Amino acid sequence: MWLFRRLEDIKDTDRDRVGGKAAALALLAKKGGRVPPGGCITVQAFRDFLSFNGLVGKIAIELGRKELKDMRWEEMWDASQRIRNLVNGGTFPPDMLREITSFANTLLGGKSAAVRSSSLSEDSASASYAGVHESCVDVKGEKAVMESVLHVWASLWSDAALLYKKELGFDPASGGMAVILQKLVRGEVSGVVFSLDPVRGGGIVIEAVPGLNKRLVDGRTEPHRWSVERGSGGRISYSPPSSSAKRSGKKTAGLLKAERVREVARLALSAEKLFRSPQDVEWTFRKKDLFTLQSRPITTTPDAGLSKRSVFDLSLKRSFENLLELRRRIEGELLPAMAEETRRMRDEDPDEMSDAELAREIERRTAVLARWNRTYWNEFIPYGHGARLFGRVYNDLVKPRDPHEFVELLRTGRTLSMQRDAILAEMSAMVSRGKPSLMAVRKGGPTGAARFDALRKRLFSQFGMISGDLEDHRKLAAFLAKMPFGPRKGKPGGRAAAAGLEKRFLSRFPKKDRRRGLELLDLARSSYTMRDDDNVYLAGIERELKKAADEARRRKDEGLVRGGSKRTLSALLRQKLVSGLHKPPARGKTGLARERGAAEVRAKQLRGQPASKGIVRGKARVVVDPGQIKDLERGEILVCDSIGPEMTYAVSVAGGIVERRGGMLIHGAIVAREYGIPCVTGVPDAAYAIRTGDDLTVDGYLGVVTIRKRPM
Amino acid sequence: MNSGASLSRIKTVLKGQGLGILATRGEVYPYQNIVSYSVSGDLKTMTFATSRASMKYANILRCPHVAIFVDNRKNTEQDLIDAVGITALGDAKELSGAEERRWKRTLTARHPYLEEFVSTPGVALFAVRVKVYYAVSRFQDVEELVMR
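Line order of the protein sequences matches chains A and B.
Residue numbering for the first sequence follows the numbering used here, starting at 535 and increasing by one per position.
Residue numbering for the second sequence follows the numbering used here, starting at 8 and increasing by one per position.
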């Protein structure tokens, strides 16, 4: 079995060995196309590498943690990082290394390379997998080339590839990856041409950017665009990028003259003829020569076959520049606006409003919450990608054994919930000393302990937790009585360890680039902290809407509202957003079917993702309705669908956490790590298979939850 | 996890395999052998035969608590995810009379090559009344099927 083949030696029958892209390039070259010289590292080499490093079983374990259909995108991202780390940590069998480097050195002669994916399923007629696998451009030096080969191999299981496999119902372990190694052609203008407009159909579409097309492919640069009628001498229309639309049309159109536009269009049509289907061709002009970099079939649109949710998930991956812009907006505009909005609502007491005023206020607050919910999904959630981006850079540079080691670097201990919990811990310590007494706290009003009263006031003004309601004071007293005294801390030595990791990370940058490393780390820390803080801000707005809705419900239940106001209030309370504030969340879509009289299979050990290290044993407390969080006793294992913003204040008393929602960087996992609480996320049946009172062991290293005993 | 699917998976493995590992209690250490077994439709009973001169026979007489392990691995790395391992825990009882004849038919229907062996006077037929099954799949997912 051969491990390497030059492009000119690849035959039509070699597709199963070299993948779709390499086979297409070889055919293009054979038919006279101008293709940069290169060769292909075959699928056999990929398989030999996996076997040589014992990775087949390890990857199977990663992919088998959970059925792909039950995985959220965040979990796929985590799994893909773990696999990427496994592959990056492997070593090449000596013979393979010799063969590839010998070819690469002869081909490149010290110049840059392009290292591209060519998977077995890629570029077939049914699935193009465009942009799903990795390609590395402008790679220089033997070490960097070989590292790029590893990155391309690992991208067989990229988050996007797993998402595609999930939606198309493919086995996640299936497939194979070949790698194309080519001499980099440093063109002056590069781009993509579609022989058939993938959106509207009809004409040919050309997109181009100055220089290499990497910035076009990864969406960092908006391209110049031409539409060309099919057939010789077809009419050309030009659209400049929006950023340069106001500039002179002559200058921007000059990126490609009409004659060159037609040459690119002809290239697309000849590729279409050769492959007998509409093609999406990457090209570059170096001086007068037009090179074909790759050609693949246009299936439909780039997101073909993906659900709306998957398209959204993939849109979460943002560039560093985009994240910096999001940060500026979130920290400079959105958070202050949310705080101001919450403060204004807090100042308007629903108890003092007439029925008609209350109805108007509920309507207004509902609209406010809807608006901030949209902002949360469109801006805060994508900002969370900052931590992921950092994780990828950290892992590629540092190559740690633990692919989630980078998370230790992001913990700041300064999240808003930690600040709030520090206040609660101080109040709890005061109550434990009897100053003030629990009785005084329960009654509300001044307790005689000035510091305590000041802290309580802060809970209200900063976090909106305590209103004048006596019930709130009773709940506070009950909570303070069971809270551990003093804030919980993360694992010992956390700060020193993080400082060591930071040093290690920065040392991987050349001195002149260290500033960029620091900027990335700073952005990631802010992004990580925001995954908790945004929940606190949003909870503040939800709380104010709930307050108004509770007042309306009280008046209705007590028969205090009549006529038109009654109908209006009832209709407002039925609105999805308002009624949702009182409804328990779903327990998860699956569950153990209870078959009366039939033998019953019950979970004994459940597997999820390790999200916060440590092992703990304790009694389960299943929380289905966020209101049940008040029942959580110190040391119990909190089992829930997800940790909502209204639950985080109580989390510090939990001995361990088990969540249905999965991911290393989801809100619950972040809270758990900040407190050093063992946590397993992504357990599909958590809130159903486990019952309150079950004796559990939570292994936050392996991501395993064992039900040791169930109460009779 | 779906109870119906889990039950069907356990049945498929137990019915699909014919050989299992029987663990008995020795004087000091556990003792294990490969045995040919059959399992009843309701999964409550597993049967196997052994020579009365064997060590496992002596062990069972001393202590009837046994475990039988059955799995469907194919000896590949993919087994880590694809294979299911099932442990049945229960009490073994030597059969006689009509009961012995009935279960002998079940065992030899599953393993026709044992016909001569089980008819030998020195061979005892055991029925294990299963109390619980533990099924391990996907490397670390564990389910429990308690028999009532």
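Ideal placement from N, C-alpha and C gives every residue a C-beta, glycine not left out.
Just so you know, these numbers come straight off a predicted model, no measurement behind them.
Residues of the stretch 79 to 107 of chain B with a C-beta less than 7 Å from any C-beta of chain A: Glu84, Gln85, Leu87, Ile88, listed in chain order. Within the same chain, Ala983 come within 6 Å of Lys969/A by CB-CB distance, once the 5 residues on both sides are set aside. Note on the stretch 842 to 926 of chain A: there is no whole beta strand (DSSP E) run with a minimum of 3 residues.
For Ile595/A, the nearest beta carbon of chain B is closer than 9 Å to its own beta carbon. When secondary structure is reduced to three states using DSSP, Tyr1235/A falls in the coil class, being assigned neither helix nor strand. Using a Cβ-Cβ distance cut-off of 8 Å, the stretch 694 to 710 of chain A and the stretch 787 to 802 of chain A are not in contact, since fewer than three pairs of beta carbons, one from each stretch, lie closer than that value.
Under the criterion of beta carbons closer than 8 Å, Ala1220/A and Glu1180/A do not qualify as touching, at roughly 19 Å. Scanning chain A for C-beta atoms nearer than 7 Å to the C-beta of Phe133/B yields nothing, as the closest lies near 22 Å away. A distance below 9 Å separates the beta carbons of Lys1138/A and Thr1240/A. Within chain A, not a single residue places a beta-carbon under 8 Å from that of Phe76/B; the smallest gap is close to 16 Å.
Across the structure, Leu892/A and Ser1113/A are spaced so that their CA atoms are roughly 16 Å apart. Nearest Cα to Gln39/B within the set Glu150/B, Arg117/B, Tyr64/B, Phe133/B: Tyr64/B. Counting only the Cα atoms, Leu697/A lies some 10 Å from Ser841/A.
Boundaries of the beta strand (DSSP E) harbouring Ala56/B: 52 to 58, taken from the DSSP string. Under the three-state reduction of DSSP output, Ile575/A falls in the strand class. Residues of chain B with a Cβ closer than 7 Å to the Cβ of Arg1242/A do not exist, since the nearest Cβ in that chain sits about 11 Å away. When C-beta distances to chain B are compared with 9 Å, every residue of the stretch 615 to 642 of chain A stays at or above that value.
For Pro831/A, the enclosing beta strand (DSSP E) has its first and last residue at 823 to 831. Counting along the chain, Lys138/B sits inside the beta strand (DSSP E) bounded by residues 130 to 144. Here Thr31/B is near Cys70/B, since their CB atoms are less than 9 Å apart. For His685/A, the enclosing alpha helix (DSSP H) begins and ends at 676 to 688.
Here the alpha carbon of Glu1078/A sits roughly 26 Å from the alpha carbon of Pro916/A.
Following the DSSP letters along the chain, one finds Thr113/B inside the alpha helix (DSSP H) bounded by residues 104 to 117. In the assembly as shown, Glu601/A is an exposed residue. Its beta-carbon has fewer than 16 other beta-carbons within 10 Å.
Bridge pairing for Pro1144/A: Val1214/A [DSSP]. Under DSSP, Lys1153/A forms a beta bridge with Asp1229/A.
Ala1221/A is outside the set of residues whose beta carbon lies under 9 Å from a beta carbon in chain B. Using a Cβ-Cβ cut-off of 9 Å, Val46/B does not count as an interface residue toward chain A, since no Cβ of chain A sits closer than that to its own. DSSP places Ala974/A in the uninterrupted alpha helix (DSSP H) bounded by 972 to 977. Annotation: the continuous alpha helix (DSSP H) that includes Pro628/A extends over 628 to 642. Given a length threshold of 4 residues, each whole run of the alpha helix (DSSP H) inside the stretch 32 to 101 of chain B is given here in chain order: 62 to 69, 86 to 89. Relative to Arg945/A, the option among Glu1208/A, Glu668/A, Tyr1235/A, Asp1228/A whose CA is nearest is Glu1208/A. In the structure shown, Asp1159/A falls within a coil segment according to DSSP collapsed to helix, strand and coil. Remark: C-beta atoms of Ala558/A and Phe728/A do not approach each other more closely than 9 Å.
Using beta-carbon distances, Glu609/A does not count as an interface residue toward chain B, since no partner is under 9 Å. In chain A, no part has a C-beta under 9 Å from the C-beta of Arg136/B; the shortest such distance is about 14 Å.
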